[in-house]
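There are 2 protein chains.
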Amino acid sequence: MTIQNTFEILKNHFGERWSTSQTDLENHGHSESYFPTHAPDAVVYPLTTADVVYIVNVCHQSKIPIIGYGVGTSLEGHTSAIHGGICVDFSKMNKVLEIDPSNMSATLEPGVTREQLNHELRHSGLFFSVDPGANATLGGMASTRASGTTSVRYGTMRENIQSLEVVIANGECINTNTKAKKSAAGYDLTSLFIGAEGTLGLITKITVKLHPIPELITSGVVAFDTINDAVQAVQDITYMGIPIARLEFLDEKSVEAFNAYSNLSLPVKPHLLFELHSSEISANEDIKSFKSACSEYGGIDFKWSTKEEERKELWALRHKGYYAILASAPGKRAIVTDICVPQTKLGEAVSETQKDIVKSGIAGPILGHVGDGNFHAILLVDPENHQELKAAKSVAAKMAKLAIRLGGTCTGEHGIGMGKIDFMADQHGHGWNVMGNIKEALDPYNIMNPGKIIKRN
Amino acid sequence: MTIQNTFEILKNHFGERWSTSQTDLENHGHSESYFPTHAPDAVVYPLTTADVVYIVNVCHQSKIPIIGYGVGTSLEGHTSAIHGGICVDFSKMNKVLEIDPSNMSATLEPGVTREQLNHELRHSGLFFSVDPGANATLGGMASTRASGTTSVRYGTMRENIQSLEVVIANGECINTNTKAKKSAAGYDLTSLFIGAEGTLGLITKITVKLHPIPELITSGVVAFDTINDAVQAVQDITYMGIPIARLEFLDEKSVEAFNAYSNLSLPVKPHLLFELHSSEISANEDIKSFKSACSEYGGIDFKWSTKEEERKELWALRHKGYYAILASAPGKRAIVTDICVPQTKLGEAVSETQKDIVKSGIAGPILGHVGDGNFHAILLVDPENHQELKAAKSVAAKMAKLAIRLGGTCTGEHGIGMGKIDFMADQHGHGWNVMGNIKEALDPYNIMNPGKIIKRN
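Those protein sequences? They're chains A and H, same order as listed.
Using my numbering, the first residue of the first sequence is number 1, and each one after it goes up by one.
Using my numbering, the first residue of the second sequence is number 1, and each one after it goes up by one.
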């Protein structure tokens, strides 16, 4: 069958939900990143799993690439159609199908966004914890093994997905797990598809785990003289079992940007933003222990609140961080890095990175999820200035290599896509071949998001 | 190369650590279960990863099966050499290599047992949480995705392994992960090998996650009129976010056996055994909330303690449960079932199972990890009595099918081995083929523990 024939078949089947308009193609050819646009040849909007099975069967027969698409907030070129093919846009599969408080779970279509999900949960006493910066879709978050500020307590997507429905390359539809809390029945297919970036199949349904809303939430901020002091405090806090739910780090440059953007006057020092999830009775004691651990390492300018309005303001600060940093350098765009190292190496990783950034001549405030050893430098560049772009890419590459050298990973939460693929051999050695073997076994024609995670001719 | 040649090569290489003595072979041909002995053709005792690589390379060339062996406490025939081959006994690879409190982890060889590990951790303020009944090796526990009484709070082996070193079928040695707390760098190989029962490779090193010892531990017991009451209470407790660390269920028959074995006088009613891990300040409030949730559903005869001696006694009761039940029927052996269902289906699953057991005419007390929806019937049979054996196997099969029908799994924590393999198609559908594809990709000659999890000719 020729590609033309295949397209004709799909067009006839999907009618208005099949698009080859130039705008549509270009909009789906990139995501929030500095990568050039690689537009797909067509965009299709499935409504059901059966639609997805239909698409995959047709593409499988014609060996046409298939790229899943949520809302395009990924950062490493995950949605670029580098070998052309069909973009499967899940925006019309956006229903929460079931909220099941008794089993502490919800089942939903992949196009549901995290904010939408929490909105629908608002009367249940439960919440979904994973909160990457963007209001991403759950399908995208599952596919990149996303995490966020609460992962230090509640885990990443790996820990918060109960089960997936996936259409694999041969058109079969599988359920990776049941609703039982644990299982020892064979290989862990759920984990295999989480973080596979659509290279092994298309996720068509997700059952996520939910958590009870804590009785009392305390949010706050504390300043330190050096990064190492902050990191040391974090280690003690972890060790003491204080119920930390969020633990974010800002370097001096980020604090400057925050101050300017939100008209604040935080001291220009490294800061921790934190949140504790306590029972009412223990909240006072928890904050006391937290404070005392910070004081040990010179923590000052300690402010906190249990009032919802004030807490929200504080976290808005963090969630607006990216925009505050962008606003600090008008006209620039950002290359966002994402390394994660063992807790004990975090101080070293941050200070080496700061030195590299200074040397490079570009601006690059640092913030991150310090409780997980994960941080981002927001490298600010003029995309037209090749010198700057080159310098930023060089810093990003150095960071990835530094993370691997310190026994960590080139990406904590953004994924590999095409942006990090050149670090896979270095980080995984023969393990990358094992991934390649799995890819080949499940997708012999390499039609599932080709060119991401795995390199194949 | 003939098998004789291969054996000669290995014998020369391993000297005294190569055995074909009849006793050794028979001892390694079964584990703690009712399966008949399937002895391997030889047993080898590696000391290092390099030894394991050597063994695998030689066996790969000659297409000889390799079966990993810890201390033989698995329950589904995992270590049976049903196609002959070489048993790799890890008892001499039993060193804790590193305790790393700052990264809350420990790295160890696969022959380390869980009690040994916690003994070595005794001065660290940290503990390793997963506690199956047996004093199993960590290699075995990783391979069966084991769990235990604390999994309701701290998770199973899936949540408590940071990274694995694995020798795969082609002799390559890979590390599945780094020590960074999270990573989005490609497929989750760690999860793939956890629960793979040695069918994809041999685990040669494990980095586990550790937890801080809680400030205050409260253990106790409470009786209910019916199973459903207990299950309802458990649901409320989970929902309220009470810091439950253990939550075990005993039915009337188990309580009878416990009373007789330990000279107790618990009321002959369904019971919950529980443990809360609290901060000192919140402990009183936690136990109050727990008690009130139980009272809502008629919980009575509530006893608890925070004293270490009394707590240990209580959990000894639970950990001796299997032997108490065996002692209740002298001369009998046990077939231990292991199903796990969604929390909301637990009451139904237990009462249907009890009815089936009564109908079968054999004795079968029930106990389990009610916080996870996982329970075991200990079916007591005279192994020489074919009628009884048949009845027990029929109850076990009905339970597995019941679990699948209720949206659960045929095994919560014991694994598939050869004992549950006939339920895989029913539970996973095409997902089982996907597992088969992965197996074939990573082990094309089917030398890694053949006949377990996957069926292949």
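Beta carbons are placed, not taken as given, at the ideal position from N, Cα and C, and that holds for glycine.
Given that residue i touches chain H, what residues does it touch there, using C-beta distances under 7 angstroms?
i: residue 265 of chain A; result: In chain order: nothing, as chain H lies at least about 33 angstroms away.
i: residue 374 of chain A; result: 182
i: residue 285 of chain A; result: 279, 281
Can you find the residues in the same chain that come closer than 6 angstroms, C-beta to C-beta, to residue i, ignoring five residues on each side of it along the sequence?
i: residue 293 of chain H; result: 233, 236, 237
i: residue 91 of chain A; result: 111
i: residue 462 of chain A; result: No answer is possible for residue 462 of chain A: it lies beyond the span of chain A, which begins at 1 and ends at 457.
i: residue 113 of chain A; result: 135, 137
i: residue 297 of chain A; result: 229, 232, 233
i: residue 318 of chain A; result: 248, 273
i: residue 14 of chain H; result: 44
i: residue 31 of chain H; result: 72, 74, 79
Beta-carbon within less than 8 angstroms of residue i's beta-carbon, same chain only, minus the 5 sequence neighbours each way: which residues are those?
i: residue 456 of chain H; result: 436, 439, 440, 446, 450
i: residue 404 of chain A; result: 410, 423, 426, 427
i: residue 49 of chain A; result: 165, 167, 173, 204, 205
i: residue 121 of chain H; result: 99, 106, 127, 128, 210
For the alpha helix (DSSP H) containing residue i, name the first residue and the last one.
i: residue 374 of chain H; result: Careful: residue 374 of chain H lies outside any alpha helix (DSSP H), inside the beta strand (DSSP E) at 374-381.
i: residue 274 of chain H; result: No alpha helix (DSSP H) contains residue 274 of chain H, which is instead part of the beta strand (DSSP E) from 271-278.
i: residue 367 of chain A; result: Unbroken run through residue 367 of chain A is the beta strand (DSSP E), 366-369; no alpha helix (DSSP H).
i: residue 96 of chain A; result: Element bounds for residue 96 of chain A: not the alpha helix (DSSP H) but the beta strand (DSSP E), 96-100.
i: residue 387 of chain A; result: 386-405
i: residue 117 of chain A; result: 114-120
i: residue 246 of chain A; result: Where residue 246 of chain A is concerned, there is no enclosing alpha helix (DSSP H), although the beta strand (DSSP E) it sits in stretches over 244-250.
i: residue 142 of chain H; result: 138-143
i: residue 24 of chain H; result: 22-27
i: residue 441 of chain A; result: 430-442
Can you tell me where the beta strand (DSSP E) holding residue i begins and where it ends?
i: residue 106 of chain H; result: 105-108
i: residue 333 of chain H; result: 333-336
i: residue 305 of chain H; result: 300-305
Going along chain A, which residues have a C-beta under 9 angstroms from residue i?
i: residue 212 of chain H; result: 238, 239, 240, 241
i: residue 414 of chain H; result: 184
Less than 9 angstroms between the beta carbons of residue i and residue j, yes or no?
i: residue 175 of chain H; j: residue 164 of chain H; result: yes
i: residue 346 of chain A; j: residue 380 of chain A; result: no
i: residue 181 of chain A; j: residue 374 of chain H; result: yes
i: residue 350 of chain A; j: residue 251 of chain A; result: yes
i: residue 431 of chain A; j: residue 302 of chain A; result: no
i: residue 152 of chain H; j: residue 47 of chain H; result: no
i: residue 85 of chain H; j: residue 144 of chain H; result: no
i: residue 258 of chain A; j: residue 184 of chain A; result: no
i: residue 217 of chain H; j: residue 275 of chain H; result: yes
i: residue 279 of chain A; j: residue 215 of chain A; result: yes
i: residue 74 of chain H; j: residue 140 of chain H; result: yes
i: residue 396 of chain A; j: residue 335 of chain A; result: yes
Return helix, strand or coil for residue i, following the three-state DSSP convention.
i: residue 312 of chain H; result: helix
i: residue 221 of chain A; result: strand
i: residue 322 of chain A; result: helix
i: residue 68 of chain H; result: strand
i: residue 448 of chain A; result: strand
i: residue 201 of chain A; result: strand
i: residue 35 of chain A; result: coil
i: residue 62 of chain H; result: helix
i: residue 88 of chain H; result: strand
i: residue 170 of chain A; result: coil
i: residue 213 of chain A; result: coil
i: residue 264 of chain A; result: coil
i: residue 420 of chain H; result: coil
i: residue 175 of chain A; result: strand
i: residue 150 of chain A; result: coil
i: residue 411 of chain H; result: coil
By Cβ distance, which residues of its chain are closer than 7 angstroms to residue i, with the 5 residues on each side in sequence left out?
i: residue 212 of chain H; result: 125, 126
i: residue 58 of chain H; result: 6, 9, 10
i: residue 388 of chain H; result: 362, 381, 382
Under 7 angstroms between beta-carbons, which chain A residues line up against residue i? List them in chain order, please.
i: residue 342 of chain H; result: 103, 179, 180
i: residue 434 of chain H; result: 168, 174, 189, 442
Show which residues of chain H have a CB atom less than 8 angstroms away from the CB atom of residue i.
i: residue 235 of chain A; result: 102
i: residue 437 of chain A; result: 441, 442
Run through chain B and tell me which residues come within less than 9 angstroms of residue i, C-beta to C-beta.
i: residue 151 of chain A; result: The structure shown has no chain B; the protein chains it does contain are A and H.
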